[in-house]
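Numbering (my numbering), first residue to last: 6 to 415.
The structure appears right after this line, and notes come after that.
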Ligand SMILES: Nc1ncnc2c1ncn2[C@@H]1O[C@H](COP(=O)(O)OP(=O)(O)O)[C@@H](O)[C@H]1O
Ligand SMILES: [Mg+2]
């Protein structure tokens with residue numbers, strides 16, 4: 006029986022999807038996580054709790070576990086674990102992306118530098134270094150010419166990403182982004198200041214095999230993402246953009262992955278379709294976040310998690326073609342801060358034709374916080390239909406059925 010080491014971050018929604026993929030493949034999982042809850046039900050010698058504040062000890066503990074229970078592959082579920090997974094795999098001599106390549110995807114400044122050297126199309130950018138006063142952001146925005154975007158170098162889910170329309174407002178925004186990054190445990194890292202790229206946004210889900218990029222799905226994001234905050238909502242695949250644009254998008258992602266030195270495993274990229282071709286917003290060495298992977302099915306119903314495990318273990322992956330139907334997911338935004346009392350109208354939302362699922366991922370009674378300070382969505386709605394238009398319509402109709410009861414913070 007093949008054995009695979011899975012690194013589960015504390016915040017993941019995807020433990021179940023990976024566990025059921027492993028079951029289908031008859032693969033034994035050894036799991037390491039920052040939170041004991043994520044490991045409940047697993048036997049002691051197959052589970053390990055990590056302290057993320059001590060990366061070196063975490064690395065040693067995971068490697069020791071994998072030596073006790075030798076593994077054939079190491080897979081990180083999310084961004085937080087990809088670098089540790091690469092290091093552990095290197096230590097164990099198990100095939101994986103180079104550590105430096107993965108590390109570059111985890112620091113947006115290093116990513117920009119690496120992509121720039123390879124001339125991958127991307128926005129113009131500058132770094133606001135930790136020792137620079139926030140007032141220096143005004144000059145950077147002036148140099149780049151507004152509108153710009155200021156963001157932390159290592160957060161995700163649009164947390165702390167804010168548009169700036171004039172140099173005068175840049176220092177205040179920089180201060181706010183620094184506070185968000187600090188509260189998220191990023192310490193005093195640099196901030197990235199980028200030229201704002203107009204145009205529709207796309208997300209690309211792909212798998213690298215032996216250095217070659219296989220695009221699994223391209224999602225349109227039909228809600229305009231113009232800021233000042235960049236709340237993600239609807240993703241629909243297949244994309245409605247024309248074949249020449251999509252071919253250029255595939256090439257741009259392949260070029261970026263190769264520039265970064267990524268060689269195997271899932272890739273999630275975000276691009277804007279600019280007037281002069283695709284522009285890379287970011288590339289990650291992981292699969293799509295949240296529960297969004299549930300919008301994808303391959304071949305005769307294979308999940309993205311199964312694709313990832315199969316790839317990691319070198320199992321056959323013939324016919325990696327997404328199902329014929331159009332499919333989509335809506336990340337449910339959090340409109341205001343407070344305490345979640347209830348999400349009403351769920352039955353009506355589920356009854357909308359085309360709706361394939363609805364998951365509210367924040368329990369009642371928990372605090373909720375909108376972007377840019379917030380770091381999670383309220384939940385996910387899924388739809389399947391004959392066309393992308395019908396999927397988008399179903400998602401909007403289902404969303405309109407939901408009524409949020411959020412008690413305002415005192
Ligand atoms: N330079 C940019 N131009 C236009 N939009 C941007 C730019 N940078 C970020 N955004 C918007 O903000 C979102 C989040 O930024 P991103 O760099 O992907 O950070 P995160 O890791 O939080 O997802 C993007 O999906 C995009 O909509
Ligand atoms: Mg992003």
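Heads up, the beta-carbon is just placed ideally off N, CA and C, and yes, glycines get one too.
Quick test of your reading: residue 325 and residue 221, contact by CB under 8 Å. State the CB separation rounded to the nearest angstrom. 7 Å
Using the Cα positions of residue 360 and residue 401, report the straight-line distance between them to the nearest angstrom. 10 Å
Between the beta-carbon of residue 3 and the beta-carbon of residue 39, is there less than 7 Å? The requested residue 3 is not part of the displayed model; the chain covers only 6 to 415.
Where does residue 392 sit, in a helix, a strand or coil, going by DSSP? coil
Measuring CB to CB, does residue 143 end up less than 7 Å from residue 175? yes
Exposed or buried, which one is residue 414 when buried takes at least 16 other CB atoms within 10 Å? exposed
Provide the residue(s) that pair with residue 258 in DSSP beta bridges, ordered along the chain. Within the DSSP bridge table, the entry for residue 258 names no partner.
Residues sharing a beta bridge with residue 223, DSSP: 209
Can you give me the start and stop residues for the beta strand (DSSP E) that residue 344 sits inside? 343 to 349
What are the start and end residues of the alpha helix (DSSP H) that includes residue 176? Its alpha helix (DSSP H) spans residues 175 to 188.
So within the segment 9 to 97, which uninterrupted alpha helix (DSSP H) runs reach at least 4 residues, ignoring any that extend past its ends? 20 to 30, 60 to 73 and 84 to 97
Just to confirm, are residue 299 and residue 271 a CB contact at a threshold of 7 Å? Cβ distance not < 7 Å, so residue 299 and residue 271 don't count as in contact.
Which class does residue 214 belong to by DSSP, given the choice of helix, strand or coil? strand
The segment 113 to 128 touching the segment 258 to 268, judged by at least three CB pairs closer than 8 Å: Segments in contact, yes.
When the Cα atoms are used, what is the spatial distance from residue 297 to residue 14? 16 Å
Looking at the strands, I want to know which residues DSSP matches up with residue 401. Bridge partners of residue 401 according to DSSP: none are assigned.
List the endpoints of the continuous alpha helix (DSSP H) containing residue 357. Here residue 357 belongs to no alpha helix (DSSP H), and DSSP marks it neither H nor E.
Taking the alpha-carbon positions, what's the residue 321 to residue 7 distance? 14 Å
Which residues in the same chain have their Cβ closer than 8 Å to the Cβ of residue 30, if we skip the five residues on either side of it in sequence? 7, 311, 314, 315, 318 and 320
With burial defined as no fewer than 16 other Cβ atoms inside 10 Å of the residue's Cβ, what is the status of residue 124: buried or exposed? exposed
Rounded to the nearest angstrom, what separates residue 139 and residue 156 at their Cα positions? 13 Å
Can the beta-carbon of residue 353 be found less than 7 Å from the beta-carbon of residue 363? Not in contact: residue 353 and residue 363 (Cβ atoms no closer than 7 Å).
Run the CB neighbour count on residue 25, radius 10 Å, all protein chains shown included, and call it buried at 16 or more, exposed below. exposed
Cβ neighbour criterion (16 or more within 10 Å) applied to residue 193: exposed
Please list the segments of the beta strand (DSSP E) lying wholly inside the segment 104 to 161, counting only runs of 3 or more residues, in order along the chain. 130 to 133 and 153 to 157
Report yes if the C-beta of residue 339 is less than 6 Å from at least one heavy atom of ligand 1; otherwise report no. no
CB contact flag (residue 242, residue 163, <7 Å): no
For residue 172, three-class secondary structure by DSSP: helix
Starting from the Cα of residue 245, find the closest Cα among 393, 411, 132 and 84 and give me that residue. 393
Throw me the rounded Cβ distance for the residue 283 and residue 257 pair, which I believe falls under 8 Å. 4 Å
For a test of your reading of the model: does the CB of residue 166 fall under 6 Å from any non-hydrogen atom of ligand 3? Yes or no. In the structure shown, ligand 3 is absent; the only ligands present are ligand 1 and ligand 2.
Quick one, which of 161, 237 and 294 has its alpha-carbon nearest residue 190's? 161
Rounded distance between the beta-carbons of residue 145 and residue 131, thought under 8 Å: 4 Å
State the Cα-Cα distance for the pair residue 80 and residue 9, rounded to the nearest angstrom. 7 Å
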